[in-house]
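Each remark here refers to the structure printed beneath this line.
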Amino acid sequence: MATAIEAGVSGDLELETTNPWDPATDIATQNPIGKIPALTLPDGSVLFDSPVICEYLDSLREPPRLFAPEGPLRWQALTRMALADGLMDAAILRRRELMRDADEQSAWWMERQLGIVERAVDAMEAAADTYTGIDIGLLTTGISLGYLDFRLPDFDWREDHPRLASWYQEIAARPSLQDTTPRE
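Under the numbering used here, the final residue of the sequence shown carries the number 801; numbering is consecutive throughout.
This is the structure in structure tokens:
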């Protein structure tokens with residue numbers, strides 16, 4: 618949704634809430650792998666996977682766009698997006714493991730995912746001085762840090778990452794992040 622807000626098309630979208638873990642959900646009719654999000658286009662075709670949907674929504678706006686059309690800025694933004702997506706994937710996997718019964722949890726798996734989160738945040742801190750303007754990589758980085766605050770509140774990433782924390786404070790004030798920050 619943050620990309621839709623940045624692109625100025627959020628009012629044109631109809632949101633449907635679903636639980637991809639519920640066997641009764643019909644998400645598999647939209648996306649054969651049963652993951653969210655999915656976007657049904659006016660012609661009935663369906664896009665799925667966040668990067669695909671984000672690039673489509675961004676293509677609807679006038680330049681400058683979140684996705685650079687080509688060259689080094691595009692690759693930099695896509696690499697930042699991949700890092701942020703990987704951070705969120707690891708945080709989600711760790712959280713899912715914590716939701717299992719205690720006797721079924723894998724301490725090794727949870728530590729592995731936490732290690733990924735820690736390395737990703739360290740890499741973001743190392744690059745934070747280069748974070749200027751807005752592109753899809755920086756937007757996704759902001760979203761991923763907000764997700765950490767929401768789903769891993771005991772992981773205090775700000776303490777050891779002051780440049781990243783300062784940058785996050787600025788990007789978190791953007792309407793696209795303010796309007797999409799998870800609250801429950």
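All C-beta atoms, glycine included, are put in the ideal place defined by N, C-alpha and C.
(1) Taking the straight line between their C-alpha atoms, what separation do you get for residue 631 and residue 776?
(2) Could you please give the first and the last residue of the uninterrupted beta strand (DSSP E) stretch that includes residue 655?
(3) In its own chain, which residues sit with a C-beta less than 8 Å from the C-beta of residue 691, not counting the 5 before and 5 after it?
(4) Can residue 758 and residue 697 be called in contact, C-beta distance under 7 Å?
(5) Residue 768 and residue 708 look like a contact to me (Cβ under 8 Å); what is the Cβ gap, rounded to whole Å?
(6) Would you list the residues sitting across from residue 663 in a DSSP beta bridge?
(7) Looking at C-beta atoms only, is the number of pairs between the region 779-791 and the region 736-752 that lie closer than 8 Å three or more?
(8) If you draw a straight line from the C-alpha of residue 653 to the C-alpha of residue 799, how long is it?
(9) When the distance is taken between beta carbons, is residue 793 closer than 7 Å to residue 619?
(10) Between which two residues does the alpha helix (DSSP H) harbouring residue 787 extend?
(11) Count Cβ pairs between the region 714-724 and the region 745-752 that sit closer than 8 Å; are there 3 or more?
(12) List in chain order: all unbroken alpha helix (DSSP H) runs of 4+ residues lying wholly within the region 686-731.
(13) Roughly how many whole angstroms lie between the Cα atoms of residue 795 and residue 789?
(14) Measure from the alpha carbon of residue 695 to the alpha carbon of each residue in 671, 641, 677 and 713, then state which is nearest.
(15) Relative to the alpha-carbon of residue 657, which residue among 633, 678 and 677 has its alpha-carbon at the smallest distance?
(16) Under 7 Å, do residue 641 and residue 648 count as touching if we go by C-beta distance?
(17) If we count the other Cβ atoms within 10 Å of its Cβ and call it buried at 16 or more, is residue 730 buried or exposed?
Short version:
(1) 39 Å
(2) 655-657
(3) 684 and 685
(4) yes
(5) 6 Å
(6) 657
(7) yes
(8) 16 Å
(9) yes
(10) 779-788
(11) no
(12) 689-715
(13) 6 Å
(14) 671
(15) 633
(16) no
(17) buried
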